[in-house]
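Sequential numbering from 15 applies to the sequence shown in my numbering.
Even glycine gets a Cβ: it sits at the ideal position worked out from N, Cα and C.
Bear in mind that the values here come from a model prediction, so they are computed numbers and not experimental data.
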Amino acid sequence: MSGKKFFSRKSWFGILFFFVAVLLLTRLDYLINNTFYSYGLVFSYGWYREYTLLYSLSYQLVIFLLLLWTRNKYLLLATEAFVFSATQDLIFFGLWCGRFPPADWTWMLSYEMLGFWTTSTQLFASILVNGLVFGFCAWRYKASIITH
């Protein structure tokens, strides 16, 4: 086997940067979705659509910058899977709110498609998607070492 590493030092710093960005963005989400309501914020789809778009674009910008900096396609795939599977919502509720919603997650696209989406289904989906992507990346990495 060669000395090729699954993640270089630059990639490990990229992972750290990504998780710091997740913590900051989920804290911002908490500020908007919890704290501001106690100061009189009233929900409106007008501001919510723009906020959700900007929130999503912020994740994509972080991921794009990681790709530019690390040039690691496996890190790109793993971070996209993390965001696509909405794993950051588990961090939002678990870390910042201190509890998970007891009922359906009605704001999720999955809820609109299936008619239900709970903490259990979100946890299952996050573990499944992230586990499959990590397994695929490890498998592809191992195949690349063997063929080189």
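Separation of the CB atoms of Val36 and Gln102 is rounded to 5 Å, and the pair is thereby assigned contact status at 8 Å. The three-state reading of DSSP puts Ala117 in coil, since its state is none of H, G, I, E or B. Of Val143, Asp118 and Trp61, the smallest CA-CA separation from Ser134 is found for Asp118.
Contact check between the segment 24-41 and the segment 82-96: three or more CB pairs, one atom from each, fall below 8 Å, which counts as touching. A distance of 7 Å or more separates the beta carbons of Phe96 and Asp43. Annotation for Gly60: the continuous alpha helix (DSSP H) segment containing it runs Tyr59 to Thr84. Sequence-distant Cβ neighbours of Ala139 in its own chain, meaning closer than 7 Å and more than five residues away, are Ser99. Shown here, Val143 sits in a helix according to DSSP, grouped into three states.
In summary, Gln74 is exposed, with fewer than 16 beta-carbon neighbours lying within 10 Å of its beta-carbon over all protein chains present. With a threshold of 16 other beta carbon atoms within 10 Å, Trp131 meets it and is buried.
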